[in-house]
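Position 135 of the sequence shown, counted from 1, bears residue number 156 in this note's numbering, the numbering being contiguous throughout.
Positions of the beta carbon are idealized from the N, C-alpha and C atoms, including for glycine.
Please read all numbers here as calculations on a predicted model, not as lab measurements.
What follows is a short report on a single structure.
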Amino acid sequence: MGVLDADITGPSLPKMFGIKSGVKSNGSALFPSISKNGIRVMSLNLLTANEDDPVIWRGPVISGTVKQFWTDVAWGDLDYLFVDLPPGTGDVPLTVMQSLPLNGLIVVSSPQDLAVMIVSKAIRMAQMMNIPIIGLVENMSGAVCPHCNEHFELFGPSRGEEIAQKFQIPYIGGLPVDPSFSRLCDQGKIEENIIVTFLPILSLRI
22 MGVLDADITG
32 PSLPKMFGIK
42 SGVKSNGSAL
52 FPSISKNGIR
62 VMSLNLLTAN
72 EDDPVIWRGP
82 VISGTVKQFW
92 TDVAWGDLDY
102 LFVDLPPGTG
112 DVPLTVMQSL
122 PLNGLIVVSS
132 PQDLAVMIVS
142 KAIRMAQMMN
152 IPIIGLVENM
162 SGAVCPHCNE
172 HFELFGPSRG
182 EEIAQKFQIP
192 YIGGLPVDPS
202 FSRLCDQGKI
212 EENIIVTFLP
222 ILSLRI
């Protein structure tokens, strides 16, 4: 499996995977960094001197970088390549939808009306560009009390199934807020929980 970090101005995947080594090159191609469990990762943060160096680029340069992460990186033989997109319908989502041979798009929403509004725009954009939508995942879909196991709605009632039905796309499921998962991401140990997180998605036949 590989992950292409297309969030150029806010790259976070190397930190989440605990990858600190930079990207290598043979002069004609770049090679993605490999996590401890064999996941290949390409991100702009692997090309900067410091992980907190800002990226102050305009749209065309950002779009060109995303294209190069696809064309100039030797990904090798992969079962899946996930492209992590920033929210909205800006230059990066447009570039990915126009330039990469996508099998489908997984939409990530959350219960708030503001998030639903932005996600609705992204769904309509994908439909206008004839990109298949695999399904919708609702992030931060409530939380479970660690003491009494009661489920409560941090950001309001779940809207995932409603939005999926509105746009006639599959509803994959909801992911509750999980402080332990957040800690693993901060510690660079996302792979300790990655199978649980991606299992509903990987089980789909793309």
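| Asked | Found |
| --- | --- |
| Are the CB atoms of Ile-40 and Gly-209 within a distance shorter than 9 Å? | yes |
| I'd like the span of the beta strand (DSSP E) that includes Pro-197, first residue to last. | 192 to 198 |
| Out of Met-149, Asp-199 and Ser-49, state which residue places its alpha-carbon closest to the alpha-carbon of Val-94. | Ser-49 |
| Can you round the beta-carbon distance between Asp-100 and Met-22 to whole angstroms, since I take them to be within the 8 Å contact cut? | 6 Å |
| Give the DSSP-derived three-state secondary structure of Met-150 in the structure shown. | coil |
| Return yes when at least one heavy atom of the ligand MN lies under 8 Å from the C-beta of Phe-188, else no. | Among the components of this structure there are no ligands whatsoever, and the ligand MN is therefore not found. |
| Any beta-carbon of chain B closer than 9 Å to the one on Ile-139? | Absent from the structure: chain B. Only one protein chain is present. |
| Rounded to whole angstroms, what's the CA-CA distance from Ile-227 to Tyr-192? Just pull it up for me. | Any reading at Ile-227 must be qualified, since the residue scores a pLDDT of 43, below 50, and its modelled position is unreliable; the value itself is stated next. Spanning the two alpha carbons is a distance of roughly 15 Å. |
| From Ser-33 to Val-113, what does the alpha carbon distance come to, in whole angstroms? | 16 Å |
| Leaving aside the five residues before and after Ala-164 along the sequence, list all residues of the same chain whose C-beta is less than 7 Å from its C-beta, in chain order. | Phe-173, Leu-175, Pro-197 and Val-198 |
| DSSP three-state label for Asp-98, please. | coil |
| Can you list, in chain order, the residues of its chain with a C-beta nearer than 8 Å to that of Val-158? Leave out the 5 residues immediately preceding and following it. | Ile-127, Val-128, Val-129, Ser-130, Gly-181, Ile-193, Gly-194, Gly-195, Leu-196, Pro-221 and Ile-222 |
| DSSP on Lys-187, reduced to helix/strand/coil? | helix |
| Taking just the CA atoms, how far does Leu-135 sit from His-168? | 31 Å |
| To the nearest angstrom, how far is it from the Cα of Met-161 to the Cα of Pro-132? | 7 Å |
| In terms of alpha-carbon separation, which member of Leu-121, Cys-166, Lys-45 and Phe-202 lies closest to Ile-152? | Leu-121 |
| Who pairs with Leu-51 in a beta bridge, going by DSSP? | Ser-46 and Val-94 |
| Which residue wins for smallest C-alpha separation from Gly-125, given the options Ile-190, Gly-85 and Gly-177? | Ile-190 |
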